[in-house]
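For the record, the sequence lines run as chains A and B. Reminder that position 94 of the first sequence reads as 94 in my numbering, one-by-one numbering, no gaps. Reminder that position 3 of the second sequence reads as 3 in my numbering, one-by-one numbering, no gaps. Taking it in order: structure first as structure tokens, then the write-up.
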Amino acid sequence: MDGVHDMGGMDGFGKVEPEPNEPVFHHRWEGRVLAMSRAIGVFRAWTIDTSRYAIEQMAPAFYLSRPYYEKWFVRNQNLLIEKGIIDADEVAAGRALRPAKNLTRGPFSLDDIDKVTKRGSFYRPAQGPAKFKPGDRVRTKNIHPHTHTRLPRYARGHVGVVERLHGTHAFPDSVASGKGDDPQWLYTVRFDAQELWGADAEPGLKISIEAFEPYLEHV
Amino acid sequence: MAEHNHEHEHGEGSTLTEMDLRVRALETILTDKGYIDPAALDRIVELYETKIGPHIGAQVIAKAWCDPAFKQALLDDASKAVATIAQQVGRVGEHLIAVENTPRLHNMIVCTLCSCYPTDVLGLPPTWYKSFAYRSRVVKEPRAVLADFGVTLPADTEIRVWDSTAETRYVVVPMRPAGTEGWSEAQLAKLVTRDSMVGTGLAQNPSEVV
């Protein structure tokens, strides 16, 4: 979707302000939200793509004005309700009002920590040969789906060079739409800055994206 | 930062208190229903506050500076290479890719669409990495962004920005500072800052380390 989350190349957000000696969490609740997000992961109630799409669908004014972990919290709570893991009246009451439905395993416990503090694999079996190889010139498609995509606006409809081939991965555009993994070849595609930003672009700058094969066409 | 200032503007019934209550309520519901054990949440917070952080990446980089074979393995397949020293640095997941800075090339990492970050080796991302300013600007004007960090590169250094738009995760191998010949890996690791592994900084010079 052409959402406000797709920020590459926008102007007006001001300077980048690093915070010296920044703590990992600025408030206790932020750590609890992060930990709950990780813990919920073991139940496989939704995927990383679903969770990103949920944040993208937040109203632009909300997205732009609320703290990072508040968005995570709202996403978690909404998805937990949507998936029937908790109910809206329980949120209103601030406590559980009925037993868990479809709880097929015990609680997320200390034994599960290793499963969620290291990244899993997104490799999936290839469905066919790769269409492109490193060195190929490719054009990104000019697509504007209303659903989730990982092809940023600034890199649509531009010519670049395939630099790396990463194997086949679960395809976020499909996964977030509830249509399954639909594994696709994943490439690093490199663009000259002039191709993306015009003649006034910073000289000597190259930008790359990670592009799934359906985003690309032969030049 | 716009995202952050907001929560200090409320006065009575601040976002802090309201968020504490809302988050506590959700944790209570999930605990009561048997989905989570709060002790496990405590442990996750503790891990990210004390165990999973940029010191992991710093050890990896220091080893790469000292051991050419390891550096080549790291550049070929970072997940695999780091797995060979898991005893030392802990376990690292899939799809990690290391890219090397040289006198001619400076690499920078971003996620313009959300906040993808090489968490396994750097821990959770700092606020600036998730900020709208960084996400919007670094793909278009990286030298101006570097200036915000007090970093100036030679005019003829090529800049390469890697936008993490899939599940691959990039980490920068900064250049080894001059004057560190004969240093041990442990000494060198102290020079490797988080920002140098994202590309918004350089490794520290010996004179910068007290």
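C-beta atoms are modelled at their ideal positions from N, C-alpha and C, and glycine is treated no differently.
Which listed residue (the options) has its alpha carbon closest to that of residue i
i	options	result
Leu110 (chain A)	B:Tyr35, B:Ala189, B:Gly201 and B:Thr200	B:Tyr35
Tyr129 (chain B)	A:Val24, A:Val161, A:Asp2 and A:Gly3	A:Val24
Phe70 (chain B)	B:Arg91, B:Ala98 and B:Arg43	B:Ala98
Gly3 (chain A)	A:Glu17, A:Arg44, A:Pro18 and A:Ile55	A:Ile55
Ala201 (chain A)	B:Ile159, B:Ser207 and B:Pro206	B:Ile159
Ser51 (chain A)	A:Trp185, A:Arg95, A:Glu19 and A:Asn76	A:Asn76
Lys140 (chain B)	A:Phe191, A:Arg38 and A:Thr149	A:Phe191
His158 (chain A)	A:Ala92, A:Ala211, A:Arg98 and A:Ala96	A:Ala211
Arg45 (chain B)	A:Trp46, A:Arg38, A:Phe43 and A:Val161	Note that residue 45 (chain B) is Val in the sequence shown, not Arg. Taking only the C-alpha atoms, the option nearest Val45 (chain B) is A:Arg38.
Asp42 (chain B)	A:Phe122, A:Trp29, A:Ser65 and A:Ile48	A:Trp29
Ile207 (chain A)	A:Arg119, A:Leu216, A:Val161 and A:Lys83	A:Val161
Lys118 (chain A)	B:Phe132, B:Ser79, B:Thr17 and B:Glu18	B:Ser79
Classification of residue i by the beta-carbon crowding that lies within 10 angstroms, buried from 16 upward
i	result
Thr152 (chain B)	exposed
Ile143 (chain A)	exposed
Ala126 (chain A)	exposed
His218 (chain A)	exposed
Phe62 (chain A)	exposed
Thr200 (chain B)	buried
Lys101 (chain A)	exposed
Ala89 (chain A)	In the sequence as displayed, the identity of residue 89 (chain A) is Asp instead of Ala. Flag for Asp89 (chain A) reads exposed.
Ser196 (chain B)	buried
Ser207 (chain B)	exposed
Gln72 (chain B)	exposed
Asn5 (chain B)	In this prediction, Asn5 (chain B) scores a pLDDT of 43, lower than 50, which makes its location untrustworthy; no coordinate-derived value is stated.
Asn21 (chain A)	exposed
Gln59 (chain B)	buried
Lys114 (chain A)	Before going further, note that residue 114 (chain A) is Asp rather than Lys in the sequence given. Asp114 (chain A) is exposed by the Cβ-count criterion.
Val198 (chain B)	buried
Asp37 (chain B)	buried
Arg105 (chain A)	exposed
Chain-ordered chain B contacts of residue i [CB-CB under 7 Å]
i	result
Met10 (chain A)	Ser136
Ile207 (chain A)	Val139, Val161 and Asp163
Val161 (chain A)	None at all; the shortest Cβ gap to chain B is about 13 Å.
Asp112 (chain A)	Ala40
Pro107 (chain A)	Gly34, Tyr35, Ile36 and Asp37
Phe62 (chain A)	Here the premise fails: no neighbours, minimum Cβ distance about 11 Å.
Same chain, Cβ closer than 8 Å to residue i, neighbours up to 5 away in sequence not counted
i	result
Ser164 (chain B)	Ile109, Val110, Cys111, Cys116, Tyr117 and Tyr170
Arg164 (chain A)	Pro134, Tyr187 and Thr188
Met7 (chain A)	Phe13
Gly11 (chain B)	Since pLDDT at Gly11 (chain B) reaches only 48, below the 50 mark, its modelled position is unreliable, and no value is offered.
Contacting residues, own chain, Cβ-Cβ under 7 Å from residue i (five flanking each side not counted)
i	result
Gly123 (chain B)	Tyr48, Ile52, Gly53 and Pro54
Asp11 (chain A)	none
Leu205 (chain A)	Ala193
Val138 (chain B)	Met108, Val110, Val145 and Val161
Ile56 (chain B)	Val89, Gly90 and Val121
Ile61 (chain B)	Val173, Pro174, Val192 and Met197
According to DSSP, residues forming a beta bridge with residue i
i	result
Arg220 (chain A)	Chain A is shown only over 1 to 219; residue 220 (chain A) falls outside these bounds and no answer can be derived.
Val99 (chain B)	B:Val172
Ser208 (chain A)	A:Arg190 and B:Trp162
Met108 (chain B)	B:Val161
His218 (chain A)	A:Val138
Tyr123 (chain A)	A:His169
Phe108 (chain A)	B:Ile36
Val159 (chain A)	A:Arg139
Neighbour list for residue i in chain A, Cβ cutoff strictly below 8 Å
i	result
Leu74 (chain B)	Per Cβ cutoff of 8 Å: no residues; Leu74 (chain B) is ~15 Å from chain A at best.
Ile56 (chain B)	Going along chain A, no residue has its Cβ under 8 Å from Ile56 (chain B), so there is no contact; the nearest lies around 11 Å.
Gly123 (chain B)	Val24
Phe149 (chain B)	Val16 and Pro18
Own chain residues within Cβ distance below 6 Å of residue i, not counting five before or after
i	result
Ala2 (chain B)	Any reading at Ala2 (chain B) needs caution, since the residue's pLDDT is 43, under 50, leaving its predicted position unreliable; the model's value is listed next. Nothing listed; no residue qualifies.
Asp182 (chain A)	Phe171 and Ser174
Lys63 (chain B)	Phe70 and Glu185
Asn205 (chain B)	Pro177
Pro129 (chain A)	none
Trp185 (chain A)	Ala130, Thr168 and Glu213
Thr168 (chain B)	His95 and Ile97
9 Å Cβ cut-off: residues of chain B touching residue i
i	result
Glu22 (chain A)	Pro126, Thr127 and Trp128
Ile86 (chain A)	Leu26, Ile29, Leu30, Lys33 and Tyr35
Ser174 (chain A)	Result: empty, since nearest Cβ-Cβ is about 13 Å, beyond 9 Å.
Within chain A, partners of residue i - CB distance below 7 Å
i	result
Leu113 (chain B)	His5, Asp6, Arg150 and Pro152
Arg43 (chain B)	Leu110 and Ile113
Asp32 (chain B)	Arg95 and Ala96
Val23 (chain B)	Trp29, Arg32, Val33 and Phe73
Met197 (chain B)	Under the 7 Å cutoff, chain A gives no residues; its nearest Cβ is about 14 Å from Met197 (chain B).
Asp77 (chain B)	Under the 7 Å cutoff, chain A gives no residues; its nearest Cβ is about 11 Å from Asp77 (chain B).
Partners in chain B for residue i, counting only beta-carbon separations shorter than 8 Å
i	result
Lys118 (chain A)	Arg91, Val92, Gly93 and Asp120
Arg52 (chain A)	Leu113 and Cys114
Trp197 (chain A)	Lys140
Contact set between residue i and chain A, taken where Cβ atoms lie within less than 9 Å
i	result
Glu49 (chain B)	Pro23, Val24, Phe25 and Gly31
Arg143 (chain B)	Glu202 and Leu205
Residue i CB to nearest heavy atom of the ligand FAD below 7 Å
i	result
Tyr129 (chain B)	For the ligand FAD, the structure offers nothing, since it holds no ligand at all.
CB contact check: residue i to chain D, cutoff 8 Å
i	result
Val60 (chain B)	Chain labels in this structure do not include chain D; the protein chains are A and B.
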